[in-house]
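> Provided herewith is a single structure, encoded as structure tokens, for subsequent inquiry.
There are 2 protein chains.
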Amino acid sequence: MPRSKGKKSSAPVTIHDVAERAGVAISSISRVLSGHPDVSERMRIKVQKAADELGYEPDFFAQSLRSGATKTIGFIMRDISNPFFGVIAQCCEQELRKAGYSMLLMNSDGDVATESTNIAQLRRRKIDGLIASLVSEDIPELNSTLEKLNAPVVLLDREVVGLNSSAILANHHQGVEDATVDLISRGHKRIAFISGSTRVYTTRDRLKGFKSAFKKAGIAYPTDLVSLGKFDAEFGESETKRLFTLKDRPTALLSGGIGSTAGAMRGLKKLGLVPGKDLAFVAIDEWPMFDVYGQQFSSVYRDAAMMGREAAAALLEMISGGSPRTIMVETHYIVRESSTGGLKAKKK
Amino acid sequence: MPRSKGKKSSAPVTIHDVAERAGVAISSISRVLSGHPDVSERMRIKVQKAADELGYEPDFFAQSLRSGATKTIGFIMRDISNPFFGVIAQCCEQELRKAGYSMLLMNSDGDVATESTNIAQLRRRKIDGLIASLVSEDIPELNSTLEKLNAPVVLLDREVVGLNSSAILANHHQGVEDATVDLISRGHKRIAFISGSTRVYTTRDRLKGFKSAFKKAGIAYPTDLVSLGKFDAEFGESETKRLFTLKDRPTALLSGGIGSTAGAMRGLKKLGLVPGKDLAFVAIDEWPMFDVYGQQFSSVYRDAAMMGREAAAALLEMISGGSPRTIMVETHYIVRESSTGGLKAKKK
DNA sequence: GCATAAAATAGAAACGTTTCCAGAAACGAT
DNA sequence: ATCGTTTCTGGAAACGTTTCTATTTTATGC
């Protein structure tokens with residue numbers, strides 16, 4: 000008689016309790032509840048009844064320990080408070096939940112060490128899959144770290160060579176190129192470009208679009224106005240201030256990533272420069288509500304919700320044996336007020 | 000000889016492997032690694048060495064199954080893509096991670112049924128604690144559902160009577176009252192008020208501040224201009240349109256919650272009404288970047304980051320045996336351009 | 001009715017830990 | 001030396017499942 004007789008009603012009910020109540024073996028309980036085919040109708044009913052009466056809920060840890068599947072997906076982002084990532088996370092979680100998976104969320108704070116600690120933690124938790132927006136693509140031990148996870152991986156906006164993972168990539172260069180072409184056609188030559196680290200695809204692909212627009216126009220791109228470093232607001236702000244106090248100051252600005260854009264806007268404000276008037280301005284990635292704020296900001300738009308859904312879909316596919324694949328998400332240049340200005344009434 | 004000899008190098012290394020390598024019992028491994036005091040220096044070194052050499056990482060599920068502690072915190076929000084909740088989640092996760100906990104994130108999508116499914120899921124996963132912003136406070140079975148979790152709970156901006164949980168409450172009424180008093184003092188009487196469901200503390204406390212401002216001014220508050228229902232943008236937009244096309248249309252608007260505000264702003268835009276000119280406008284809760292957008296929006300501000308940190312702290316405290324407590328977070332009325340306008344050049 | 005196959009069930013061995021218990025070694029005091 | 005303590009260690013029993021194997025029951029074909 001291993002377990003006390005209902006003394007504490009709060010003691011969780013286990014598979015043994017159900018077996019005792021139904022008068023059958025615990026293996027039969029397991030079989031019924033997991034939908035095993037070799038089960039008689041009589042048994043099914045008897046077990047179901049006992050389980051319902053006791054309000055039995057299988058213990059997750061015991062199940063996972065035995066079966067190996069944890070029904071848990073790791074999700075690593077630089078910073079979930081970034082609304083762009085927030086939308087991705089939300090859509091992703093919805094899809095995963097529908098499929099019976101739960102999401103373990105971790106912020107990397109943009110720090111390589113934190114990220115690697117997080118991955119280690121997720122490995123110990125035996126996650127069934129990982130969705131991540133990595134801090135950097137060229138960490139030496141990255142591939143082995145991810146492979147040791149022994150679980151499918153979906154990367155968001157990252158290209159890691161030699162890794163057998165799926166990827167959701169945005170076609171940044173197209174949108175940025177369109178925007179830059181437009182600015183050039185309006186007469187701009189001194190166009191500033193601020194984005195994050197070149198250690199990630201995002202920045203490299205945006206830069207590609209920027210350069211290619213200048214190439215098409217047959218003019219050299221302004222190397223002194225390209226500032227690549229970090230994605231955070233501080234960097235965006237200080238670089239904006241630096242660039243727009245240069246002797247030969249830019250007439251237009253493209254700022255990349257939601258953090259950079261926030262910083263750039265603050266910087267401009269402090270300099271007393273108004274987008275759409277004192278300079279032309281295009282934000283790469285939209286802040287929520289970009290469409291309704293008083294000031295109309297142009298942008299290079301991409302659909303975060305779709306990226307989240309696609310990431311979930313790709314991961315679930317791999318979990319059920321599918322092969323990794325790369326999904327390309329388009330970006331679109333959206334022209335609003337702020338694309339004008341900056342050219343001292345040259346045309347009007 | 001229960002386990003194969005290093006045939007597959009990818010086979011995870013268990014406590015048995017370490018024991019074998021160090022030539023000691025598995026119980027000793029466990030004792031060393033969990034920092035048990037009754038362990039000799041010689042043993043400690045020997046075990047540590049073997050564990051390091053093999054790169055041993057304890058299996059999380061086995062640990063949890065045996066010890067009962069999961070080092071996992073559930074986190075339920077209406078919608079993580081809401082930047083306000085995003086900031087809370089981010090700060091919360093940071094604090095919890097520092098303490099060795101991981102965060103299981105679930106969106107309730109503002110739906111009672113989904114929320115309850117999520118809680119059930121978290122119960123099966125035996126979480127050590129829950130932080131939640133509930134859909135509603137008056138669900139009949141809510142208390143028992145949460146108590147069955149058998150884990151400490153911290154509620155965000157919710158008051159559930161008879162539940163032994165901590166709560167992080169924002170002092171909404173103060174900020175809203177200040178804002179309303181200011182609007183009244185500027186000459187407004189027809190002030191519209193849009194916020195979410197009265198089934199949660201948030202709305203009720205805001206309404207309290209709104210009413211109390213009118214009481215102080217000695218005038219009746221405009222019951223026909225108070226619209227309480229949902230927190231989402233659709234509601235905010237349609238109600239704004241309805242209220243501002245009334246015969247006796249309001250001259251000012253307070254919109255509550257980040258979603259409502261988004262909707263309200265869209266609605267105003269579609270009506271061609273400009274905040275700060277055609278009406279006075281105060282947002283309750285700030286969107287990120289409120290300080291830099293071209294249009295300057297007044298707001299009732301509260302510190303989301305602090306709420307996140309406090310929530311984590313309160314939960315960790317309860318996990319280590321502390322008692323539940325209620326933390327009040329102040330709100331502040333921040334006056335910007337949009338507080339002006341709406342009064343047909345009455346004063347100038 | 002009987003042999004044979006198929007279906008259903010029970011029992012027990014995992015899964016990888018922690019923790020309890022008992023025994024061995026070390027230590028000081030007599 | 002001997003005896004009690006204390007300190008340390010090994011063995012084994014949990015934790016709550018799933019799954020393998022063996023056994024019993026039922027169905028099938030003659």
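Quick note, the sequences are listed as chains G and L, same order. Count the first sequence with numbering that gives the first Met the number 0 and you get residues 0 to 347, in order. Count the second sequence with numbering that gives the first Met the number 0 and you get residues 0 to 347, in order. Heads up, the beta-carbon is just placed ideally off N, CA and C, and yes, glycines get one too. Computed from a prediction, not measured in an experiment: that's the story for all the values here.
#1: Hey, out of G:79, G:223, G:309 and G:263, whose CA is closest to residue 240 of chain G's CA?
#2: Which of the three DSSP states, helix, strand or coil, is assigned to residue 68 of chain G?
#3: Could you say which of G:232, G:218, G:282 and G:254 lies nearest to residue 225 of chain G if we only look at CA atoms?
#4: For residue 40 of chain G, count neighbouring C-beta atoms within 10 Å of its own C-beta (all shown protein chains included) and say buried if the count is 16 or more, exposed if not.
#5: Please specify which runs of the beta strand (DSSP E), each continuous and at least 3 residues long, are wholly inside the region 265-334 of chain L, giving them in chain order.
#6: Thinking just about the alpha-carbon of each residue, which of L:52, L:21 and L:54 is nearest to the one in residue 42 of chain L?
#7: Please report how far the alpha carbon of residue 363 of chain L lies from the alpha carbon of residue 34 of chain G, in whole angstroms.
#8: Alpha helix (DSSP H) containing residue 111 of chain G: first to last residue?
#9: I'd like to know whether the C-beta of residue 103 of chain L is nearer than 8 Å to at least one C-beta of chain G.
#10: If you follow the beta strand (DSSP E) that residue 255 of chain G is in, where does it begin and where does it stop?
#11: In the DSSP assignment, find the unbroken beta strand (DSSP E) run with residue 193 of chain L in it and report its ends.
#12: Leaving out the 5 sequence neighbours to the left and right, which residues in its chain are closer than 6 Å to residue 280 of chain G when beta-carbon positions are compared?
#13: Would residue 64 of chain L pass as an interface residue toward chain G - the criterion being a Cβ-Cβ separation below 8 Å?
#14: Taking only the alpha-carbon atoms, compute the straight-line gap between residue 133 of chain L and residue 176 of chain L and give it to the nearest angstrom.
#15: Just how far apart, CA to CA, sit residue 54 of chain G and residue 99 of chain G?
#16: Does residue 92 of chain G get closer than 8 Å to chain L when you measure Cβ to Cβ?
#17: Within a Cβ cutoff of 6 Å, which residues of the same chain sit near residue 13 of chain L, ignoring the five residues on either side of it in sequence?
#18: Determine the burial state of residue 210 of chain L: buried for a count of at least 16 other Cβ atoms within 10 Å of its Cβ, exposed for fewer.
#19: Under 8 Å, with one C-beta from each stretch per pair, do the region 120-127 of chain L and the region 58-76 of chain L reach the 3-pair mark?
#20: Which chain G residues are close to residue 89 of chain L, counting only those with a beta carbon under 7 Å from its beta carbon?
#21: What's the gap between the Cα of residue 95 of chain L and the Cα of residue 243 of chain G?
#22: What residues of chain L sit near residue 125 of chain G, judged by a beta carbon separation below 8 Å?
#23: To be precise: take each residue of the region 239-267 of chain G, compare its Cβ to all Cβ atoms of chain L, and keep it if any distance is under 7 Å. Which residues remain?
#24: I'd like to confirm the pairing. Which residues does DSSP put opposite residue 166 of chain L in its beta bridges?
#25: Between residue 271 of chain L and chain G, is any beta-carbon pair separated by less than 8 Å?
#26: For residue 218 of chain L, count the other beta carbons within 10 Å of its own beta carbon; 16 or more makes it buried, fewer makes it exposed. Which is it?
#27: Indicate the three-state DSSP secondary structure (helix, strand or coil) for residue 149 of chain L in the structure shown.
#28: So what does residue 225 of chain G bridge to, in DSSP terms?
#29: Around the Cβ of residue 202 of chain L, are there at least 16 other Cβ atoms within 10 angstroms (buried) or fewer (exposed)?
#30: Can you check which of these residues, L:146, L:138 and L:191, is closest to residue 199 of chain L by C-alpha distance?
#31: To the nearest angstrom, how far is the alpha carbon of residue 112 of chain G from that of residue 51 of chain L?
#32: Which residues in the same chain as residue 324 of chain L place their Cβ atom closer than 7 Å to its Cβ, once the five residues preceding and following it in sequence are excluded?
#33: For a contact meaning CB atoms closer than 8 Å, what does residue 47 of chain G contact in chain L?
#34: What are the boundary residues of the beta strand (DSSP E) that includes residue 128 of chain L?
#35: Between which two residues does the beta strand (DSSP E) carrying residue 32 of chain G extend?
#36: Which class does residue 258 of chain G belong to by DSSP, given the choice of helix, strand or coil?
This is what the structure holds:
#1: Counting from 1 along the first sequence, the entry for residue 240 of chain G is found at position 241. Nearest option by C-alpha distance: G:263.
#2: Here the question's residue 68 of chain G lines up with position 69 in the first sequence. Coil at residue 68 of chain G, not helix or strand.
#3: Residue numbering aside, residue 225 of chain G sits at position 226 when the first sequence is read from its first letter. If we check each option's Cα against that of residue 225 of chain G, G:254 comes out closest.
#4: Your numbering for residue 40 of chain G matches position 41 in the first sequence. Residue 40 of chain G should be labelled exposed.
#5: If only uninterrupted beta strand (DSSP E) runs of at least 3 residues are considered, those enclosed by the region 265-334 of chain L are 279-283, 297-300, 325-328 and 331-333.
#6: Here residue 42 of chain L refers to the residue found at position 43 when the second sequence is read from its first residue. Among L:52, L:21 and L:54, the Cα nearest to that of residue 42 of chain L is on L:21.
#7: One cannot answer for residue 363 of chain L here, as it falls past the ends of chain L, which runs 0 to 347.
#8: Position 112 of the first sequence, counted from the first residue, corresponds to residue 111 of chain G. DSSP places residue 111 of chain G in the uninterrupted alpha helix (DSSP H) bounded by 111-123.
#9: Locating residue 103 of chain L in the second sequence gives position 104, counting from the first residue. Interface annotation, residue 103 of chain L: in contact with chain G, CB-CB separation under 8 Å.
#10: The residue you call residue 255 of chain G lines up with position 256 of the first sequence. From DSSP, the beta strand (DSSP E) with residue 255 of chain G extends over 251-255.
#11: Along the second sequence, one-based indexing puts residue 193 of chain L at 194. Note, residue 193 of chain L: beta strand (DSSP E), 190-194.
#12: As a working mapping, residue 280 of chain G is identified with position 281 in the first sequence. Setting aside the 5 residues that flank it on each side, residue 280 of chain G is surrounded in the same chain by 252, 274 and 337, each with a C-beta closer than 6 Å to its C-beta; the list follows chain order.
#13: As a first step, residue 64 of chain L is located in the second sequence; it is residue number 65 there, counting from the start. Residue contact check for residue 64 of chain L against chain G: a CB pair falls below 8 Å.
#14: For the purposes of this step, residue 133 of chain L is taken as residue 134 along the second sequence, with counting starting at 1. For the purposes of this step, residue 176 of chain L is taken as residue 177 along the second sequence, with counting starting at 1. Rounded to whole angstroms, residue 133 of chain L to residue 176 of chain L spans 25 Å at the Cα level.
#15: To locate residue 54 of chain G, count along the first sequence from 1; it is residue 55. To locate residue 99 of chain G, count along the first sequence from 1; it is residue 100. Taking the straight line from one Cα to the other gives about 20 Å.
#16: For the purposes of this step, residue 92 of chain G is taken as the residue at position 93 of the first sequence. It does: the Cβ of residue 92 of chain G has a partner Cβ on chain L nearer than 8 Å.
#17: What you label residue 13 of chain L is simply residue 14 of the second sequence in a count that begins at 1. Cβ neighbours of residue 13 of chain L beyond the five flanking positions: none.
#18: For the purposes of this step, residue 210 of chain L is taken as residue 211 along the second sequence, with counting starting at 1. Buried, because 16 or more other Cβ atoms sit within 10 Å of the Cβ of residue 210 of chain L.
#19: By the Cβ test, the region 120-127 of chain L is in contact with the region 58-76 of chain L, since at least three Cβ pairs between them sit closer than 8 Å.
#20: As a working mapping, residue 89 of chain L is identified with position 90 in the second sequence. Taking the beta carbon of residue 89 of chain L as reference, the chain G residues within 7 Å of it are 78, 79, 80 and 106, listed in sequence order.
#21: Locating residue 95 of chain L in the second sequence gives position 96, counting from the first residue. Locating residue 243 of chain G in the first sequence gives position 244, counting from the first residue. Looking at the two C-alpha atoms, the distance is approximately 41 Å.
#22: Locating residue 125 of chain G in the first sequence gives position 126, counting from the first residue. The contacting residues are 58, 59 and 60.
#23: Taking 7 Å as the upper bound on Cβ-Cβ separation, chain L lies near residues 261, 264 and 265 of the region 239-267 of chain G.
#24: Taking the second sequence and counting its residues from 1, the one referred to as residue 166 of chain L is at position 167. Looking at the DSSP assignment, residue 166 of chain L forms a beta bridge with L:154 and L:325.
#25: Working through the second sequence from its first residue, we reach residue 271 of chain L at position 272. No, no contact with chain G.
#26: Residue mapping note: residue 218 of chain L aligns to position 219 of the second sequence, counting from 1. Flag for residue 218 of chain L reads exposed.
#27: To locate residue 149 of chain L, count along the second sequence from 1; it is residue 150. Three-state result, residue 149 of chain L: coil.
#28: In the first sequence, counting from the first residue as 1, residue 225 of chain G sits at position 226. Answer is G:192, bridged to residue 225 of chain G.
#29: If you number the second sequence from 1, residue 202 of chain L lands on position 203. Buried: at least 16 other Cβ atoms inside 10 Å.
#30: Within the second sequence, residue 199 of chain L is the residue found at index 200, counting from 1. Ranked by how close their Cα comes to the Cα of residue 199 of chain L, the residues L:146, L:138 and L:191 have L:138 in first place.
#31: If you number the first sequence from 1, residue 112 of chain G lands on position 113. If you number the second sequence from 1, residue 51 of chain L lands on position 52. Between the alpha carbons of residue 112 of chain G and residue 51 of chain L lies a distance of about 19 Å.
#32: In the second sequence, counting from the first residue as 1, residue 324 of chain L sits at position 325. For residue 324 of chain L, same chain residues with a beta-carbon under 7 Å away, outside a window of 5 residues either side, are 165 and 313 in chain order.
#33: Locating residue 47 of chain G in the first sequence gives position 48, counting from the first residue. Those within 8 Å of residue 47 of chain G in chain L number zero; the least Cβ separation is about 18 Å.
#34: The count along the second sequence starts at 1 and reaches residue 128 of chain L at position 129. For residue 128 of chain L, the enclosing beta strand (DSSP E) starts and ends at 128-131.
#35: Within the first sequence, numbered from 1, the residue matching residue 32 of chain G stands at position 33. It is not in any beta strand (DSSP E) - residue 32 of chain G instead sits in the alpha helix (DSSP H) that spans 25-32.
#36: Position 259 of the first sequence, counted from the start, is the residue given in the question as residue 258 of chain G. In the three-state reduction of the DSSP assignment, residue 258 of chain G falls in the helix class, which pools H, G and I.
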